[in-house]
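Participant: As you go down the protein sequences, you meet chains U and Y in turn. Position 24, counted from 1, in the first sequence is what the working numbering calls 30; the numbers after and before it change by one each time, with no gaps. Position 122, counted from 1, in the second sequence is what the working numbering calls 254; the numbers after and before it change by one each time, with no gaps. Quick reminder that beta carbons are idealized off the backbone N, C-alpha and C, glycines included.
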Amino acid sequence: MSNVLVVAEVVGGAVTKATLTSVTFAREAAKRTGGQVHGLVIGQGVGAAATELAKYVSTVHVADDAALKNPIAEAYAQVVKAAAEAAGATVIAMGATAHGKDVMPRAAALMGAGMASDVTGFAGDGWGVKRPVQAGNVIATVEVTTDKKVFTTRPTEFEAAAEAGAAGAVSALSVSVGGLKTQFVSFDAVKSERPQLTEASVVVSGGRGLKEADNFHKIMEPLADKLGAAIGASRAVVDAGWVPNDMQVGQTGKVVAPNLYIAVGISGAIQHVAGMKGSKTIVAINKDPEAPIFQVADYGLVADLFKAVPELLEKL
Amino acid sequence: MKILVTVKRVTDYERKVKIKPDGSGFETEGMNFVPNPFDEIAVEEALRLTKEHGGDVVVVSIGPNDATQQIRQALAMGAQRGILVQAGELDSDAVARVLQKLVEKENPDLVLMGKQATDDDANQAGQLLAGYLGWPQATFASKTEGLESAEEKAQKPGVKVADGWASVAREADGGIETIKVQLPAVITTDLRLNHPRFASLPGIMKAKKKPIEEIPVASLGVDITPKVRVLKYEEPPARLAGVKVADVDELVNKLKNEAKVI
Ligand SMILES: Cc1cc2nc3c(=O)[nH]c(=O)nc-3n(C[C@H](O)[C@H](O)[C@H](O)COP(=O)(O)OP(=O)(O)OC[C@H]3O[C@@H](n4cnc5c(N)ncnc54)[C@H](O)[C@@H]3O)c2cc1C
Ligand SMILES: Nc1ncnc2c1ncn2[C@@H]1O[C@H](COP(=O)(O)O)[C@@H](O)[C@H]1O
Chain U
7 MSNVLVVAEV VGGAVTKATL TSVTFAREAA KRTGGQVHGL VIGQGVGAAA TELAKYVSTV
67 HVADDAALKN PIAEAYAQVV KAAAEAAGAT VIAMGATAHG KDVMPRAAAL MGAGMASDVT
127 GFAGDGWGVK RPVQAGNVIA TVEVTTDKKV FTTRPTEFEA AAEAGAAGAV SALSVSVGGL
187 KTQFVSFDAV KSERPQLTEA SVVVSGGRGL KEADNFHKIM EPLADKLGAA IGASRAVVDA
247 GWVPNDMQVG QTGKVVAPNL YIAVGISGAI QHVAGMKGSK TIVAINKDPE APIFQVADYG
307 LVADLFKAVP ELLEKL
Chain Y
133 MKILVTVKRV TDYERKVKIK PDGSGFETEG MNFVPNPFDE IAVEEALRLT KEHGGDVVVV
193 SIGPNDATQQ IRQALAMGAQ RGILVQAGEL DSDAVARVLQ KLVEKENPDL VLMGKQATDD
253 DANQAGQLLA GYLGWPQATF ASKTEGLESA EEKAQKPGVK VADGWASVAR EADGGIETIK
313 VQLPAVITTD LRLNHPRFAS LPGIMKAKKK PIEEIPVASL GVDITPKVRV LKYEEPPARL
373 AGVKVADVDE LVNKLKNEAK VI
């Protein structure tokens, strides 16, 4: 019998939804280990987040230290290792966010653990887990064969966990992470009043069909405003610098699965589709009837976006 | 400075692989291989850094003998020499431990890698290597000035090296994070770090004469037993084919009354 540890991500003092989706995976894993789900909160001044997470797990370990203010993988990986020991955990999971992807493989190396990335679920009753490979063209079932197992879990594939019956304990974890060879310099946050791309129930995404940055803003923003949507983009327009990197949807960007995804002037390259094909309803607006995006769209509109989007806006 | 760059031979990302009927692997017939696109970005960055600071770029690939082709492509871009570690398909962990051995032999100041291989989509090897070496890591390196900038056109590196530290702008959740890592370090590349150059004809000619050292993986004394075993491959569930709507009115109607999403 051993426990399962979920590494939380804290943004603006609160536990993220991605963390709660990883708790759902962890509860499944705990059925296999016969143990309990523990949580780990790392940072500075993260007491409130720890109390919040305790509603979902049996014990929260909190490493609260000035040296942990910024999410530096070199430091955080050491904390994960120490917490896994403190928690008696053989399974360690975190959401497959940029932060999770940065920290967890390093932690796996420190623990001598094997790791499966971007897991979408268990394949059966054992330790086989499913994960997309080849830009989502193929689903692999893999098994981590080491005693300690590390996973990052794809947030769109799991429901956010419900609160457990009773609140768990909160336990301080002290880890000294001196002698770091990494220095935090700055964080340039993308400011947006809109819902978060990975959590929004409606996402409207624009591609190269919009022709220039100005059009992207003129066409996509009113549509997003109208629908209360988050805005995404294809790699082509992110590379062109029209919008921040953070908005790229796809294999190597964000994975989204809203109720409604509207792709405007996006061709539907496999790398883009990998990041949005889990959406409930997909709409594509593209002037090329052969565009591959129509193969995944529930509703395809072959039209010039410069006419169709303003008309849609009017009729919504 | 001496930079070790990794280049994985991957299946062409423009083509869909075919799964064998028993799900044990992929059909090799008609399969095309390319250098992992993130690794080409790593090679490009290494060339820019050594142009600015002097030094050599050593390209490493772990794979079958045919991976020599992908090493040659990097040599044609301008890298000085190559190392092929002859091995079958390894998991990211075994790759990291093989690289650890090579780092101990080669003593580079910097290891530049792609953030993820487009075949296994693991996004692990760089972080694992940094963990094993106890080196700092900067993953998902980007260019703050952007890919349309004057710096990019002048082929300036996005990674800034000075006084034994590298300053790296990283594609993080919700924005760009800048960190500094003390060399030696591991840096992995994201898409916005640079536009990799194409090999020139003289570059291709020169590459033919550049040395590629071949090292059988067994001679390195690394345990390459996978920590992650693939049990099977299968097709993802297909999305049901949708419909084309005639006009905006029909679209709005469907969204309201059929999909009930607005
Ligand atoms: C390693 C790697 C990773 C990648 N990762 C990602 C990723 O994560 N996300 C991603 O998106 N891409 C990714 N890509 C890039 C991907 O392969 C495509 O190049 C990219 O998605 C294309 O973007 P696009 O659809 O905007 O542009 P295009 O392919 O140029 O498509 C533009 C579309 O707009 C349509 N159009 C033009 N004018 C109009 C008009 N007036 N009205 C209506 N429609 C119009 C055209 O018919 C066309 O279909 C990756 C590629 C590689 C190699
Ligand atoms: N067999 C290999 N040979 C050389 N480099 C590799 C190999 N496998 C992985 N890498 C490097 O590690 C990075 C991350 O790979 P992965 O962890 O498989 O996603 C890749 O972009 C490569 O730079």
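Does the beta-carbon distance from Arg160/U to Asp108/U come in below 9 Å?
Facilitator: Not in contact: Arg160/U and Asp108/U (Cβ atoms no closer than 9 Å).
Participant: Extract the residue ranges of the beta strand (DSSP E) inside the stretch 272 to 349 of chain Y, only unbroken runs of 3 or more that lie entirely within it.
Facilitator: DSSP runs (the beta strand (DSSP E)) wholly in the stretch 272 to 349 of chain Y: 292 to 294, 297 to 304, 307 to 314, 317 to 321 and 344 to 348.
Participant: Is Ile347/Y near ligand 4, judged by its Cβ being under 8 Å from some heavy atom?
Facilitator: Ligands displayed in this structure: ligand 1 and ligand 2; ligand 4 is not among them.
Participant: I believe Val139/U touches Ala146/U by the beta-carbon criterion, under 8 Å. Please report the beta-carbon distance rounded to the nearest angstrom.
Facilitator: About 5 Å; that satisfies the 8 Å criterion.
Participant: Nearer than 8 Å: is that true of the beta carbon of Asp188/Y relative to any heavy atom of ligand 2?
Facilitator: No, Cβ of Asp188/Y sits at least 8 Å from all heavy atoms of ligand 2.
Participant: Quick check: is any heavy atom of ligand 1 less than 8 Å from the C-beta of Gln301/U?
Facilitator: Incorrect: Gln301/U has no Cβ contact closer than 8 Å to ligand 1.
Participant: Check each residue of the stretch 196 to 208 of chain Y: if its Cβ is closer than 9 Å to any Cβ of chain U, include it; give the result in chain order.
Facilitator: Result list empty, no residue passes.
Participant: Does Lys364/Y come out as helix, strand or coil in the three-state DSSP assignment?
Facilitator: DSSP places Lys364/Y in strand when its eight states are reduced to three.
Participant: Around the Cβ of Gly118/U, are there at least 16 other Cβ atoms within 10 angstroms (buried) or fewer (exposed)?
Facilitator: Counting Cβ neighbours within 10 Å, Gly118/U comes out exposed, since fewer than 16 surround it.
Participant: So, with DSSP's three-state summary, where would you put Gln202/Y?
Facilitator: Looking at Gln202/Y - three-state DSSP - the assignment turns out to be helix.
Participant: Does the distance between the C-beta of Gly195/Y and the nearest non-hydrogen atom of ligand 2 fall short of 8 Å?
Facilitator: Yes, the beta carbon of Gly195/Y sits closer than 8 Å to at least one heavy atom of ligand 2.
Participant: Based on Cα-Cα distance, which residue from Leu315/Y, Ala286/Y, Lys292/Y and Ser224/Y lies nearest to His327/Y?
Facilitator: Here the closest residue by C-alpha is Ala286/Y.
Participant: Taking 8 Å as the line, does the beta carbon of Gly246/Y fall inside it for any heavy atom of ligand 2?
Facilitator: Yes, since a heavy atom of ligand 2 falls inside the 8 Å radius drawn around the Cβ of Gly246/Y.
Participant: For Asp322/Y, decide whether its Cβ has a neighbour in chain U, counting only Cβ atoms nearer than 9 Å.
Facilitator: It does: the Cβ of Asp322/Y has a partner Cβ on chain U nearer than 9 Å.
Participant: Closer than 8 Å to a non-hydrogen atom of ligand 2 - does that hold for the CB of Arg141/Y?
Facilitator: Arg141/Y: yes, Cβ under 8 Å from ligand 2.
Participant: Starting from Glu80/U, find everything on chain Y with Cβ-Cβ shorter than 7 Å and list it in chain order.
Facilitator: Per Cβ cutoff of 7 Å: Pro268 and Gln269.
Participant: Between Phe170/Y and chain U, is there a C-beta pair that is closer than 9 Å?
Facilitator: Yes - at least one Cβ of chain U is within 9 Å of the one on Phe170/Y.
Participant: Spell out whether any CB of chain Y is found under 9 Å from the CB atom of Pro201/U.
Facilitator: Answer no: the Cβ-Cβ gap between Pro201/U and chain Y never drops below 9 Å.
Participant: Would you mind telling me which residues of chain Y sit closer than 9 Å to Glu149/U, beta carbon to beta carbon, in chain order?
Facilitator: The answer, in chain order, is Val360, Arg361, Val362 and Leu363.
Participant: Tell me the DSSP secondary structure of Phe222/U in three-state form.
Facilitator: Three-state DSSP puts Phe222/U in a helix.
Participant: Return the CA-CA distance between Lys23/U and Ala166/U, expressed in angstroms with no decimal places.
Facilitator: Taking the straight line from one Cα to the other gives about 6 Å.
Participant: With a CB to CB cut of under 6 Å and the five nearest residues on each side skipped, what residues in its chain are close to Ala269/U?
Facilitator: Result list for Ala269/U: Ser211, Ala290 and Ile299, in chain order.
Participant: Give me the subset of the stretch 149 to 173 of chain Y whose CB atoms are less than 7 Å from a CB atom of chain U, sorted by chain position.
Facilitator: For the stretch 149 to 173 of chain Y, which is checked against every Cβ of chain U, the residues closer than 7 Å are Val149 and Ile151.
Participant: Check Phe31/U in the structure and name its three-state DSSP category.
Facilitator: Note: Phe31/U maps to helix in three-state DSSP.
Participant: According to DSSP, Tyr305/U sits in a beta bridge with which residue or residues?
Facilitator: Paired residues: Val289/U and Val375/Y.
Participant: Can you give the Cα-Cα distance for Ala115/U and Lys392/Y, rounded to whole angstroms?
Facilitator: Rounded to the nearest angstrom, the two C-alpha atoms are 47 Å apart.
Participant: Run the proximity test for Asn255/Y: is its beta-carbon closer than 8 Å to any non-hydrogen atom belonging to ligand 2?
Facilitator: Yes.
Participant: Taking the continuous alpha helix (DSSP H) assigned at Phe170/Y, which residues delimit it?
Facilitator: First-last of the alpha helix (DSSP H) with Phe170/Y: Pro169 to His185.
Participant: When the distance is taken between beta carbons, is Ala257/Y closer than 9 Å to Ala228/Y?
Facilitator: For Ala228/Y and Ala257/Y, yes; Cβs fall inside 9 Å.
Participant: Look at the alpha carbon of Phe2/U and the alpha carbon of Phe164/U, and state the distance between them as a whole number of angstroms.
Facilitator: Only positions 7 to 322 of chain U appear in the structure, and residue 2/U is not among them; the question remains open.
Participant: Grab me the residues of Gly274/U's own chain with a C-beta within less than 6 Å of its C-beta, minus the 5 sequence neighbours each way, in chain order.
Facilitator: Cβ within range, chain order: Ala297, Pro298 and Ile299.
Participant: Please specify which runs of the beta strand (DSSP E), each continuous and at least 3 residues long, are wholly inside the stretch 17 to 95 of chain U, giving them in chain order.
Facilitator: Segments of the beta strand (DSSP E) lying fully in the stretch 17 to 95 of chain U: 40 to 49 and 65 to 70.
Participant: If you compare alpha carbons, which of Gly374/Y, Ala378/Y and Val380/Y is closest to Lys286/U?
Facilitator: The candidate whose alpha carbon is nearest that of Lys286/U is Gly374/Y.
Participant: Please report the distance separating the alpha-carbon of Tyr82/U from that of Leu74/U.
Facilitator: Those two C-alpha atoms are separated by around 7 Å.
Participant: So that I know if they touch, is there some Cβ in chain U lying closer than 9 Å to that of Ser224/Y?
Facilitator: Judged by the 9 Å Cβ criterion, Ser224/Y is in contact with chain U.
Participant: Since Tyr305/U and Leu242/Y should fall inside the 8 Å C-beta cutoff, what is the C-beta to C-beta distance between them, to a whole number of angstroms?
Facilitator: Incorrect: roughly 49 Å between the Cβ atoms, too far for contact.
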